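Remarks on the structure that follows.
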Amino acid sequence: KAGVTQTPRYLIKTRGQQVTLSCSPISGHRSVSWYQQTPGQGLQFLFEYFSETQRNKGNFPGRFSGRQFSNSRSEMNVSTLELGDSALYLCASSTPSNTEAFFGQGTRLTVV
Amino acid sequence: GENVEQHPSTLSVQEGDSAVIKCTYSDSASNYFPWYKQELGKRPQLIIDIRSNVGEKKDQRIAVTLNKTAKHFSLHITETQPEDSAVYFCAAREGQAGTALIFGKGTTLSVSS
């Protein structure tokens with residue numbers, strides 16, 4: 001079965017712009033979580049969605065937002081991009097009964 | 001919220017030696033503790049996990065131990081091989097609901113032959 005798919009794989013944006021990243025979970029998985037990975041901070045939790053509702057949120061500014069659609073696909077949006085937003089953004093999907101999180105390949109965002 | 005500390009940040013061993021990575025967590029309600037391996041340029045992949053009702057779990061050369069009282073858990077890799085070289089992350093599932101994971105900052109393991 002297909003794994004977690006993230007698009008696009010790479011993005012270059014300018015400071016002040018906004019960006020939308022997409023995540024398609026494994027078929028049947030209704031929970032999607034997003035993480036920011038940077039060399040200094042490791043993997044930091046952004047937010048989690050389940051059945052189109054945000055269930056948990058990490059400690060990130062309001063410029064970071066997300067949503068989930070009825071088919072469980074999720075998007076995250078970052079507005080007013082800053083240089084420090086350059087990172088690998090990973091999403092992970094899981095089922096409620098199986099807490100194992102399966103990660104996508106990530107979207108590498110570079111802000112210039 | 002949950003906070004996970006991981007040590008050491010880097011670890012170098014000779015092939016065949018054992019490697020131990022330790023993590024502590026702060027939320028006593030956390031009940032699921034996975035370990036992920038991330039090779040350069042690849043996605044994190046689960047290598048072993050443990051739930052709070054178990055003290056130890058083994059899978060071939062890899063084992064994880066959990067001490068709920070002290071709120072710490074450890075990854076043990078025996079007979080290390082060069083292909084074990086990667087970044088290892090511990091994590092804790094925050095609270096009782098949801099699947100959000102709080103990660104440690106990672107340990108870069110280098111196994112030299």
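Chains A and B supply the protein sequences, listed in that same order.
Here the first sequence is numbered in the working numbering, starting from 1 and rising by one per residue.
Here the second sequence is numbered in the working numbering, starting from 1 and rising by one per residue.
From the three backbone atoms N, C-alpha and C, an ideal C-beta is built for every residue, glycine too.
All values reported here derive from a predicted model rather than from experimental measurement.
Chain A contact residues for ALA100(B), given Cβ-Cβ distances below 7 Å: SER33, PHE45, GLU48 and ASN56
List the residues that DSSP assigns as beta-bridge partners of ILE102(B). ALA92(B)
Around the C-beta of ASP17(B), are 16 or more other C-beta atoms found within 10 angstroms, so that it is buried, or is it exposed? exposed
Check the DSSP bridge columns for PRO34(B) and list the partner residues they point to. ASP49(B)
At least one CB of chain B closer than 7 Å to the CB of GLN36(A): is that the case? no
Starting from GLU94(B), find everything on chain A with Cβ-Cβ shorter than 9 Å and list it in chain order. PHE45 and ASN56
DSSP puts GLY66(A) in a beta bridge; with which residues? MET76(A)
Leaving out the 5 sequence neighbours to the left and right, which residues in its chain are closer than 7 Å to GLY114(A) when beta-carbon positions are compared? Residue 114(A) cannot be examined here, being either before or after the span of chain A that is shown, 1 to 112.
Distance between THR5(A) and ARG43(B) (C-alpha atoms, nearest Å): 11 Å
Leaving out the 5 sequence neighbours to the left and right, which residues in its chain are closer than 6 Å to THR78(B) when beta-carbon positions are compared? SER18 and ARG61
Mapping DSSP to helix, strand and coil, what is LEU83(A)? helix
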